[in-house]
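Presented below is the structure to which this report refers.
This is the structure in structure tokens:
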């Protein structure tokens, strides 16, 4: 399929789908677009086709326009990361029942930013700090969805 230029609205939908996939995990990306009866129906299929999502995922590249002298590995993503963090803090107000968990996201490729901890279920990968909030009667995924939906106008 030939490449079409990426629009701002498509980029926003792409990022939203990535967040959705982070909450509702499935074994393969194509599973979110499956129409067989034993797969759940995901509303993301209304906003972007699987082919277009995979195309953007394959060719997406972030580059800095300004040539900075003190570049770090993540400096070109810093403006986007700061924006997402600010929006998240604006729309998410945690209750008093929260916990912070340190976890390892599995990664076995080459990177200077991976950690290796022997005798753990996931011995190698990126170290991530996660904030969890529990609402009585809901599991962790339901809690996340509840808070995202609660913020909608």
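In the working numbering, the protein residues as written are 198 to 350. Glycine included, every Cβ here is placed at the ideal spot set by N, Cα and C.
Check                                                                                                                                                : Outcome
Under 8 Å Cβ to Cβ from residue 252, same chain only, skipping five residues before and after it: list those, please.                                : 198, 200
Any idea if residue 257 is buried or exposed, counting beta-carbon neighbours within 10 angstroms, 16 or more meaning buried?                        : exposed
How big is the Cα-Cα spacing for residue 255 and residue 280?                                                                                        : 23 Å
Taking 8 Å as the limit between beta carbons, can you name the residues of its chain near residue 271, skipping five residues before and five after? : 278
For the stretch 290-297 against the stretch 231-241, are there 3 or more C-beta pairs whose distance is under 8 Å?                                   : no
With a threshold of 16 other CB atoms inside 10 Å of the CB of residue 306, please say whether the residue is buried or exposed.                     : exposed
Once DSSP output is grouped into helix, strand and coil, what is the label at residue 213?                                                           : helix
Residue 213: buried (16+ other C-beta within 10 angstroms of its C-beta) or exposed?                                                                 : exposed
Going by DSSP, what residue range makes up the beta strand (DSSP E) through residue 303?                                                             : 295-303
How would you call residue 329, buried or exposed, if buried means at least 16 neighbouring beta carbons within 10 angstroms?                        : exposed
Under the three-state reduction of DSSP, which class applies to residue 208: helix, strand or coil?                                                  : helix
Taking its Cβ as the centre, do 16 or more other Cβ atoms sit within 10 Å of residue 350, making it buried, or is it exposed?                        : Unreliable positioning characterises residue 350 in this predicted model, as indicated by a pLDDT of 48, which lies under 50. The coordinate reading is nonetheless provided below. Flag for residue 350 reads exposed.
From the DSSP output, in three-state form, read off residue 257 for me.                                                                              : coil
According to the neighbour-count rule (16 or more other Cβ atoms, all chains shown, within 10 Å of its Cβ), is residue 322 buried or exposed?        : buried
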